[in-house]
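Take a look at the structure set out below.
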Amino acid sequence: MPPWVLSRAIDEGLIEGDSAALIMWALILLAVSVLVALVGIGRHRTMTKIRMDASFRSVRATVWHTSRLGASLTRRVNAGEVVTVGIADVQIVAQALTVTGPGVGAVVAYVVIAVVLFTISPLLAAVVLAGVPLLAIAVGPVLQRIERTGGEYRALQGRLTTRLVDVLAGLRVLNGLGGKAFVAERYERQSQGLVDRGYRVAGPSSWLGALSGGLPGLFLAAVVWLSARMAATGDITTGELVAVYGYVAVLVVPVSFFIEGGGDIARARVAGQRIINLLNLPIDRPDHRDPAPIPAGCGPLVDPGSGITVRPGLLTALVAARPAEAVAVVERLGQVSPDGGAEVTWADVPISDVDGDEFRRRLVVADNDAEVFAGTVREVVAGRLGADDDRIQAALRVAVAEDVVEALPGGLDAAIAAGGSDLSGGQRQRIRLARVVYCAPDVLLAIDPTSAVDANTEAAMIDRLREARCDKTTVITTASPLVLDRADEVIVLVDGKAASVGTHAELLRSDSYYRDLVSRAQDGNGDSGVADE
Numbered sequence: 001m002p003p004w005v006l007s008r009a010i011d012e013g014l015i016e017g018d019s020a021a022l023i024m025w026a027l028i029l030l031a032v033s034v035l036v037a038l039v040g041i042g043r044h045r046t047m048t049k050i051r052m053d054a055s056f057r058s059v060r061a062t063v064w065h066t067s068r069l070g071a072s073l074t075r076r077v078n079a080g081e082v083v084t085v086g087i088a089d090v091q092i093v094a095q096a097l098t099v100t101g102p103g104v105g106a107v108v109a110y111v112v113i114a115v116v117l118f119t120i121s122p123l124l125a126a127v128v129l130a131g132v133p134l135l136a137i138a139v140g141p142v143l144q145r146i147e148r149t150g151g152e153y154r155a156l157q158g159r160l161t162t163r164l165v166d167v168l169a170g171l172r173v174l175n176g177l178g179g180k181a182f183v184a185e186r187y188e189r190q191s192q193g194l195v196d197r198g199y200r201v202a203g204p205s206s207w208l209g210a211l212s213g214g215l216p217g218l219f220l221a222a223v224v225w226l227s228a229r230m231a232a233t234g235d236i237t238t239g240e241l242v243a244v245y246g247y248v249a250v251l252v253v254p255v256s257f258f259i260e261g262g263g264d265i266a267r268a269r270v271a272g273q274r275i276i277n278l279l280n281l282p283i284d285r286p287d288h289r290d291p292a293p294i295p296a297g298c299g300p301l302v303d304p305g306s307g308i309t310v311r312p313g314l315l316t317a318l319v320a321a322r323p324a325e326a327v328a329v330v331e332r333l334g335q336v337s338p339d340g341g342a343e344v345t346w347a348d349v350p351i352s353d354v355d356g357d358e359f360r361r362r363l364v365v366a367d368n369d370a371e372v373f374a375g376t377v378r379e380v381v382a383g384r385l386g387a388d389d390d391r392i393q394a395a396l397r398v399a400v401a402e403d404v405v406e407a408l409p410g411g412l413d414a415a416i417a418a419g420g421s422d423l424s425g426g427q428r429q430r431i432r433l434a435r436v437v438y439c440a441p442d443v444l445l446a447i448d449p450t451s452a453v454d455a456n457t458e459a460a461m462i463d464r465l466r467e468a469r470c471d472k473t474t475v476i477t478t479a480s481p482l483v484l485d486r487a488d489e490v491i492v493l494v495d496g497k498a499a500s501v502g503t504h505a506e507l508l509r510s511d512s513y514y515r516d517l518v519s520r521a522q523d524g525n526g527d528s529g530v531a532d533e
């Protein structure tokens, strides 16, 4: 609009010497310019909203899918890949959605200007119609190279991010072992390799930036030169010459956008594929099946793979020479193993057929790697459930975590850092136990929940847990004689199979394998406070 109004002001006002017409068209030009500014503000606000909405939708989709994948996620994709998808890839994809607004506007502007130029000069219209596609073709190879090198860079970036996550998680151990300098040096070498690969991506990207500014400028110069010659020969008026310059100058914007948008789309194809790969990871339990109801009560739970039957209402201990065997049983019972659990039954109902949400509400798997999110003690212990201070205090008492809260300023309102980094290992373990006790599930499967505490605390934790869950099913993996002595039933695993079942005292008398296993555990842990048998 501004070039057309300006051409009218020149031809009808300035050249004709008509002051009234000049003033009228100047005021119209002012109004049009203000309108263009307002529309530009609206466009920017709208596209910003679209990009933010796209980013949030992508993050929400990936978070929802990763939560449905559950514990199997870490076995299928590394942490760095998930982090990079959630931070970098979703932003790149969101940026590419700019084509939905200015992209359509660029196409409309291109068509309208071509039509208007045709009314001035068919030759100029033909030059514009032919020139823009040629510019797009010229940058095609650059876009292909960006997509190819960007994919390689993105894969290396995901692997390096994974290494960084692993280093940060094990920083305390590295400090203790004196390996921090070695790991830092190796990370520096790999990081420098990523920088070198980034230069390969930056090369075509910089060429794209140069072409997006240079080619439209050359195109503008060619069209202006042609229109100036036509004005000199009288084929077009002076006002039309100014209008042509304005049209082509405006056309520089959509042409530049076509080139830049092509680069954004090329990068977004790489990032989008990584997101799609994550979202395509299959869910172990199909959601479309009609779920079977979970029977009332606390079991029994039967695992045919190991031959174990967990009787309801008891504190059952699983013990094995290789702790991984006991953990594997818990993962099958709790449906966190990607290749197990299909044959496990809850009161003769296969747990693979039951409703997932109800199953997670009634059965909880507690391990020492469970995340401790940032928040107050009240929020951390209550989790997704409503906070009841009396119940929270009772759960903290069961977990022998009262002293943890008392040592923090603010009691239940005291803040806990992300990952429980401001707590010791034993304190984090007790807070995790308090959280699962607060859930009050029908079945609790706990993986070595007392491994980081001293013997006195361990004894108190087990005694209180047994008392608090006297009418519910609790399964604990452990090799601690102190815990085994307090269990209602002990199941001994040999090569992942149930070899013997009984109380601690019965097995000590009748099972030499168990007796040797407990002796080794006690010798390794020192005096646990258990009387000589």
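With UniProt numbering, the residue at position 58 of the sequence shown is 58, and numbering never jumps. Virtual Cβ for every residue (Gly too), placed ideally from N, Cα, C. Note that the coordinates shown come from a computational prediction; the quantities given were computed from them, not determined experimentally.
Item	Value
Measure the C-alpha to C-alpha separation of V224 and P122 and round it to an integer number of angstroms.	15 Å
Residues in the same chain with beta-carbon distance under 8 Å from V483, minus the five sequence neighbours each way, listed in chain order, please.	A317, T450, E458, I462 and I476
Are V364 and L444 touching if we call contact CB-CB under 7 Å?	yes
To the nearest angstrom, how far is the alpha carbon of P141 from that of G262?	11 Å
Among residues of its own chain, excluding the 5 on either side of D413, which ones have a beta-carbon nearer than 6 Å to its beta-carbon?	T376
Note down the Cα distance separating Q273 from G383, rounded to an integer number of angstroms.	34 Å
Distance, Cα to Cα, R486 vs A468?	14 Å
Under 8 Å, with one C-beta from each stretch per pair, do the stretch 2-22 and the stretch 242-254 reach the 3-pair mark?	yes
Grab me the residues of A26's own chain with a C-beta within less than 8 Å of its C-beta, minus the 5 sequence neighbours each way, in chain order.	A9 and G13
Would you decide whether T474 is buried or exposed? Buried here means 16 or more other CB atoms lie within 10 Å of its CB.	buried
Would you mind listing the beta strand (DSSP E) stretches within the stretch 437-469 that are 3+ residues and don't spill past its ends, in chain order?	443-447
Going by C-alpha to C-alpha distance, which of I236, V99 and L385 sits closest to I265?	V99
Between L301, V195, E358 and A20, which lies nearest to E331 when the distance is taken from Cα to Cα?	L301
On the CB-based measure, 16 or more other CB atoms within 10 Å of its CB, does C439 come out buried or exposed?	buried
In this structure, does DSSP put D532 in helix, strand or coil?	Legend: pLDDT at D532 = 34, less than 50; position of this residue unreliable, value from coordinates given subsequently. The answer is coil: DSSP assigns D532 none of H, G, I, E or B.
To test your reading of the DSSP string, which unbroken alpha helix (DSSP H) runs of 4 or more residues are found completely within the stretch 67-129?	73-76, 79-84, 90-96 and 102-120
Please say whether S67 and A94 have beta carbons closer to each other than 7 Å?	no
What does a CB cutoff of less than 8 Å around R362 pick up in its chain, not counting 5 residues either side in sequence?	I294, P441, D442 and V443
Where does A366 fall in DSSP's three states?	strand
Could you please give the first and the last residue of the uninterrupted alpha helix (DSSP H) stretch that includes L301?	From DSSP, L301 is part of no alpha helix (DSSP H) but of the beta strand (DSSP E) over L301 to D303.
Using DSSP with H/G/I as helix, E/B as strand and the rest coil, what is S500?	strand
Give me whichever residues DSSP pairs with G375 in a beta bridge.	I416
Could you check if T238 is buried or exposed, using at least 16 other CB atoms within 10 Å of its CB as the buried criterion?	exposed
What are the boundary residues of the alpha helix (DSSP H) that includes M482?	Reading the sequence as shown, one finds Leu at residue 482 and not Met. Taken as a continuous stretch (DSSP letters only), the alpha helix (DSSP H) holding L482 covers P481 to R486.
Tell me P350's beta-bridge partners as DSSP assigns them.	T345
Quick one: using the 10 Å Cβ neighbour count with 16 as the cut-off for buried, is A326 buried or exposed?	buried
Could you compute how far the alpha carbon of A321 sits from the alpha carbon of D511?	14 Å
Considering only C-alpha positions, which residue in the set E506, G496 and A498 is nearest to D488?	E506
Please name the residue, chosen from V116, M24, H65 and C470, that lies closest to P312 on a Cα-to-Cα basis.	C470
Going by beta-carbon coordinates alone, are A366 and R378 separated by less than 7 Å?	no
I need the straight-line Cα distance from V492 to C298, nearest angstrom please.	22 Å
What are the start and end residues of the beta strand (DSSP E) that includes A317?	L315 to A320
Reducing DSSP to helix, strand and coil, say where A324 ends up.	helix
Using only the alpha-carbon positions, how far apart do P102 and Q393 sit?	57 Å
Helix, strand or coil for T46 per DSSP?	helix
Just the C-alpha distance for R186 and G419, rounded to the nearest angstrom, thanks.	26 Å
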